[in-house]
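Step one of this worksheet: look at the structure below.
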Amino acid sequence: KQEVTQIPAALSVPEGENLVLNCSFTDSAIYNLQWFRQDPGKGLTSLLLIQSSQREQTSGRLNASLDKSSGRSTLYIAASQPGDSATYLCAVMGHDMRFGAGTRLTVKP
Amino acid sequence: ETGVTQTPRHLVMGMTNKKSLKCEQHLGHNAMYWYKQSAKKPLELMFVYNFKEQTENNSVPSRFSPECPNSSHLFLHLHTLQPEDSALYLCASSQRGLAENNEQFFGPGTRLTVL
């Protein structure tokens, strides 16, 4: 059974810092890994999708990497802004769809 | 707003009520999903429909009954729920079911409270 872990559970940084969020999974037989952000009480917004054959994806200030053999993904956020404050979720799609518990990010002005 | 809409956005119901949640996607996708998000727990996949056929049912109690009349609409029928069923229910869609290169898009969710 796939298990997905996100570290840290919460992170608070001053505006402008670069930061890394971590996601690990136990079963490397995956199709994709997807990163989302969720604002309080809202749905999920897709940020990046990495296929199992890819190593990384970039969108604006976001860069996600995938190391399937070690069961790890990272989401790098450059030059963080207060508007980046949200919960970030990673999800692994294989024979099932499993989410991590998320990292709650606060970017202070 | 995304191309996935959900109604109602908020619902309060008693344990003896029957209600339905509705999801509609305007993205031309063929797969739709129901998820449950409880406080302090990761999202849980409940049901997957691919081309209107149910392909996943993750041991969900029978008091939750899904219906997918076509690839654009998905319902979750609720009856005799328990207070612990209170949660945010999220709908998602993708081009196809659990498969390679398959980005999921989520609706805003229905906040359900069972009294």
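For the protein sequence lines, the chains are G and U, in the order given.
Using this note's numbering, count along the first sequence one by one with no gaps and you end on 349.
Using this note's numbering, count along the second sequence one by one with no gaps and you end on 116.
Don't be surprised by glycine CBs; every beta carbon is placed ideally from N, CA and C.
Locate the beta strand (DSSP E) running through residue i, then write down its first and last residues.
i, result
"residue 58/U", "54-58"
"residue 344/G", "343-348"
"residue 317/G", "312-317"
"residue 22/U", "19-26"
"residue 328/G", "326-333"
"residue 297/G", "296-299"
"residue 270/G", "Premise fails: residue 270/G is in no beta strand (DSSP E) and is neither H nor E."
Would you mind working out which of the options sits nearest residue i, comparing C-alpha positions?
i, options, result
"residue 254/G", "276/G, 311/G, 320/G, 331/G", "320/G"
"residue 293/G", "331/G, 285/G, 272/G, 246/G", "272/G"
"residue 49/U", "71/U, 33/U, 10/U", "33/U"
"residue 327/G", "269/G, 267/G, 314/G, 344/G", "344/G"
Would you list the residues sitting across from residue i in a DSSP beta bridge?
i, result
"residue 49/U", "34/U, 57/U"
"residue 68/U", "76/U"
"residue 95/U", "32/U"
"residue 337/G", "333/G"
"residue 307/G", "312/G"
Do the CB positions of residue i and residue j come within less than 8 Å of each other?
i, j, result
"residue 116/U", "residue 4/U", "no"
"residue 12/U", "residue 23/U", "no"
"residue 340/G", "residue 110/U", "no"
"residue 285/G", "residue 295/G", "no"
Run through chain G and tell me which residues come within less than 8 Å of residue i, C-beta to C-beta.
i, result
"residue 88/U", "The contacting residues do not exist; residue 88/U stays about 12 Å from chain G at best."
"residue 52/U", "By Cβ distance, chain G contributes nothing, its closest Cβ being about 17 Å from residue 52/U, past 8 Å."
Using a cut-off of 9 Å between C-beta atoms, extract the partners of residue i located in chain U.
i, result
"residue 286/G", "3, 104, 105, 106, 107"
"residue 289/G", "102, 103, 104, 105"
So with CB distances below 7 Å, who are the chain U contacts of residue i?
i, result
"residue 341/G", "43"
Taking C-beta pairs closer than 7 Å, name the residues in chain G that residue i reaches, listed in chain order.
i, result
"residue 100/U", "271"
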